[in-house]
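Asks:
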Amino acid sequence: MTDHGHSQQEIAARINAPPGRGVLRDVVYGGIDGSVTTFAIVAGVAGAGLSPFVIVALGLANVLADGFSMAAGNYSGTKAELDNIRRIRAIEERHINLYPKGERDEVREILAQKGLTGPVLDDATRAITTNRENWINLMIEGEYGLGSVDPHPMKAAVATFFAFLVAGMIPLLPFLLSVEHAFPVSAWMTMGVFFFIGAVKSRWSLARWWRSGLETLLIGGLAALIAYLVGSLFHP
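Quick note on my numbering: the sequence shown kicks off at 136 and runs consecutively.
1. Leaving out the 5 sequence neighbours to the left and right, which residues in its chain are closer than 8 Å to Gly166 when beta-carbon positions are compared?
2. I'd like the ranges of any alpha helix (DSSP H) spanning at least 4 consecutive residues and lying wholly in the segment 204-271.
3. Between Met136 and Met289, what straight-line distance do the alpha-carbon atoms span, to the nearest angstrom?
4. In terms of alpha-carbon separation, which member of Phe203, Ser347, Pro254, Pro286 lies closest to Phe330?
5. Using the three-state DSSP reduction, which class does Met136 fall into: helix, strand or coil?
6. How big is the Cα-Cα spacing for Met274 and Glu216?
7. Using 8 Å as the cut-off, can you tell me whether the segment 344-363 makes contact with the segment 166-186, which would need three or more C-beta pairs spanning the two stretches below that distance?
8. Can at least three beta-carbon pairs, one atom from the segment 306-323 and one from the segment 230-237, be found at a separation below 8 Å?
9. Could you pull the start and end residues of the alpha helix (DSSP H) that Asp168 belongs to?
10. Check whether the Cβ atoms of Glu276 and Glu227 lie closer than 9 Å to each other.
11. Could you pull the start and end residues of the alpha helix (DSSP H) that Trp339 belongs to?
12. If we ignore side chains and look at the alpha-carbon of each, how far apart do Ala317 and Thr325 end up?
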C-alpha cells in the first residue's frame, strides 16, 4: 500500500485531482487474455501435431487481430460507460431545474445516510446545493453509485492492446527463434507470464504476491490445458 502525505497542500492537490480507476484493470485484463488466447492457439495447434510455421502464423494473427478486437471492445465499453455518466448528468441537471426541492431532499437523504444529523446536516445540504457542479456530482455518486471522475476510453483501449501484444508474444518467442523443443519452452514461459501478472497484481490488493501469482497461474494453465486436449483430439 502506497503512503501519501497529509499536509494541507498535499491533501488539497490529491482531492482536487483524483486519479480515477486508472488502467490497472485494462492492463491485467489484456495481459492475461493475451497470454491465455495465444498459448491456447499454440497448445491447440501443437496438440494437433501441426508445423511450427502454422503455430507462428496463427499466433501472430491472434495477437494482432484479437488484441485489436479486445482494445476496440474495451474502448466501446468504456465509451458507453462515459456516455451513460453524461446522460445521467443531463438528467440530474434537468431535475434540479424542474424539481429543486425534491433534489435538495435527495441530497439531504444521501448526507443523512453518511451520518450527518441536525444543524450540521442542514448546513451541509445548503452548502452543497449552492454549487451546481458539486450538487450533480454528489447525486451521481449517492443516487447512482457512479464515480465523479470520468473514464478515458482511448487510454483504456491503448493499455489493453499493448498489454495483450506484449503478453501474447511470449508464447510465440520459442517458435520465432527456432528454439529446440519449442513447445515445452513456450509452456514454461507462458506459465511464468501468468504467475508474473498475478504477482504484480497483488501490489494493488491485500493478497500475498505468491498467492495472487498462483491463482492467475491456475486460471491460465487450465485454459491452456483445455486447448491442448482439444487440439490433441485432431492429432493424426
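Cβ coordinates follow ideal geometry from the N, Cα and C atoms, glycine included.
Replies: Based on what the coordinates show:
1. Within the sequence shown, the letter at position 31 stands for residue 166. If we look at Gly166 and ignore the five residues flanking it on each side, its Cβ neighbours are Ala298, Phe299, Val301, Ala302, Val328, Ile332.
2. 235-248, 253-264
3. By 1-based counting over the sequence shown, the position of residue 136 is 1. By 1-based counting over the sequence shown, the position of residue 289 is 154. The pLDDT assigned to Met136 is 48, lower than 50, so where the model puts this residue is not dependable; a value taken from the coordinates is nonetheless given after this. In this structure, the straight-line span from the alpha carbon of Met136 to that of Met289 is close to 28 Å.
4. Locating residue 330 in the sequence shown gives position 195, where the first residue counts as 1. Nearest option by C-alpha distance: Ser347.
5. Position 1 of the sequence shown, counted from the start, is the residue given in the question as residue 136. Confidence at Met136 is low in this model, with a pLDDT of 48, below 50, so the placement of that residue should be treated as unreliable; the coordinate-derived value is given next. Note: Met136 maps to coil in three-state DSSP.
6. Here the question's residue 274 lines up with position 139 in the sequence shown. Here the question's residue 216 lines up with position 81 in the sequence shown. Cα to Cα, Met274 sits roughly 17 Å from Glu216.
7. yes
8. no
9. Translated into the one-based positions of the sequence shown, residue 168 becomes position 33. That run of the alpha helix (DSSP H) goes 159-182.
10. For the purposes of this step, residue 276 is taken as residue 141 along the sequence shown, with counting starting at 1. For the purposes of this step, residue 227 is taken as residue 92 along the sequence shown, with counting starting at 1. No, these two residues do not count as a Cβ contact at 9 Å.
11. Position 204 of the sequence shown, counted from the start, is the residue given in the question as residue 339. No alpha helix (DSSP H) contains Trp339, which DSSP labels as neither H nor E.
12. Taking the sequence shown and counting its residues from 1, the one referred to as residue 317 is at position 182. Taking the sequence shown and counting its residues from 1, the one referred to as residue 325 is at position 190. When rounded, the distance between both Cα atoms is 12 Å.
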